[in-house]
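Colleague: Our numbering puts the sequence shown at residues 1 to 282. Ideal placement from N, C-alpha and C gives every residue a C-beta, glycine not left out. Dropping the structure in here first, questions after.
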Amino acid sequence: MRSATGSGRRRPRRRRRRERSVADTEGITLERAGNAAILTLCNPARRNAYTREMRRELAARCNELQLDPAVRAIILTGAGGHFCAGADVSKFGALDLGPLEAREWYRESLTLARAVADGTKPVICAVEGDCNAAGLALALLGDFMIVARNARLGAFFARLGVLPDTGMLHTLQRRVGLARTRRMLMLAEAVSGEEAAQLGLADELVEPGQALAVAQQWAARFDDVAPMVVAWIRVALRNGIHSLDDAFRAELDLQPYLSCSADLREGIQAFLAKRRPQFTGR
């Protein structure tokens with residue numbers, strides 16, 4: 001866990017550009033800040049609990065950004081001082097789903113999970129306020145979590161009578177270990193931002209209102225590393241490196257391609273010339 005104070009990191013250099021996909025009252029907005037894309041969940045009346053339409057749109061946006069060569073990192077955040085209170089359960093009462101319909105409903109959650117987890121771009125989550133249930137599951141799918149002290153992160157599925165979804169049975173224990181995962185999931189426990197940092201759930205603890213700005217500083221750091229290397233590290237770690245032999249296989253499979261890349265030549269030349277590298281992802 002890192003402290004936001006005195007980090008000495010560069011601020012993003014380019015002006016933000018916003019694309020509005022739907023009205024800010026309910027939907028997903030996209031902003032560009034340098035080489036980062038910022039996706040904001042907007043449903044402030046319900047602390048950014050996402051509807052079925054928002055879930056579909058967020059998945060589509062993530063898939064589009066994964067294919068955009070200008071994007072080096074994706075930031076997920078929420079509007080109005082909260083990350084995401086989970087799925088909008090106020091919509092569930094009208095569903096009246098049978099087993100087959102429920103399976104399709106939850107399949108859409110997996111579509112979103114794969115859009116966030118399966119791509120090659122690093123995902124940074126800027127967490128303020130409430131980050132609960134499906135909102136916490138969404139944040140856990142990313143690579144890094146920047147968490148404000150006032151955040152509250154909870155897995156309240158058991159109180160609703162549903163199984164933790166969007167991959168949380170796997171992602172939470174990778175962050176905090178099996179024993180704490182049992183407590184958080186079976187007893188529906190929540191943790192504060194400071195507790196999240198102590199548990200390793202947060203990569204950096206920041207003051208309230210600073211999570212997005214610090215997430216942008218993290219995103220700017222990806223300008224100085226080769227995007228193909230970042231992509232393949234992300235894929236290898238997602239697939240699982242469970243032994244030294246797994247690591248050897250990943251190296252043998254991936255390193256030969258990188259050895260022929262323009263970015264490797266650029267990295268070596270920049271190192272020898274003592275200048276900043278200009279990586280292109282080729």
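Write down the C-beta distance between I75 and Q173 rounded to the nearest angstrom, noting that I regard them as a contact closer than 8 Å.
Modeller: That pair is no contact at about 25 Å.
Colleague: Can you tell me the Cβ-Cβ gap for A211 and V147, rounded? I've got them flagged as a contact below 8 Å.
Modeller: V147 and A211 do touch by the CB rule: their CB atoms are close to 7 Å apart, below 8 Å.
Colleague: Indicate the three-state DSSP secondary structure (helix, strand or coil) for V22 in the structure shown.
Modeller: Confidence is the limiting factor: at V22 the pLDDT is only 40, short of 50, which leaves the residue's position unreliable and the question unanswerable from this model.
Colleague: What's the gap between the Cα of V22 and the Cα of E108?
Modeller: Residue placement at V22 cannot be trusted, given a pLDDT of 40 that sits under 50; what the coordinates show is reported in the next sentence. Answer to the nearest angstrom: the Cα atoms are 20 Å apart.
Colleague: Hey, would you say G154 sits closer than 7 Å to A126, going by beta carbons?
Modeller: no
Colleague: Which one of T77, T280 and A179 has the shortest CA to CA distance from R47?
Modeller: T77
Colleague: In this structure, does DSSP put F279 in helix, strand or coil?
Modeller: coil
Colleague: So, with DSSP's three-state summary, where would you put D68?
Modeller: coil
Colleague: With distances taken between CB atoms, is the gap from L44 to A73 smaller than 7 Å?
Modeller: Sequence check: residue 44 is Pro here, not Leu. Result no, Cβ atoms of P44 and A73 do not sit closer than 7 Å.
Colleague: At the level of alpha carbons, what is the spacing between R103 and R55?
Modeller: 16 Å
Colleague: So, for T40: in the same chain, excluding its five sequence neighbours on each side, which residues have a beta-carbon less than 6 Å away from its beta-carbon?
Modeller: T29, T77 and A79
Colleague: Which stretch, first to last residue, makes up the alpha helix (DSSP H) that contains T181?
Modeller: L178 to M186
Colleague: Assign K274 to one of two classes, buried (16 or more other C-beta atoms within 10 Å of its C-beta) or exposed (fewer than that).
Modeller: Flag for K274 reads exposed.
Colleague: Using DSSP with H/G/I as helix, E/B as strand and the rest coil, what is N35?
Modeller: coil
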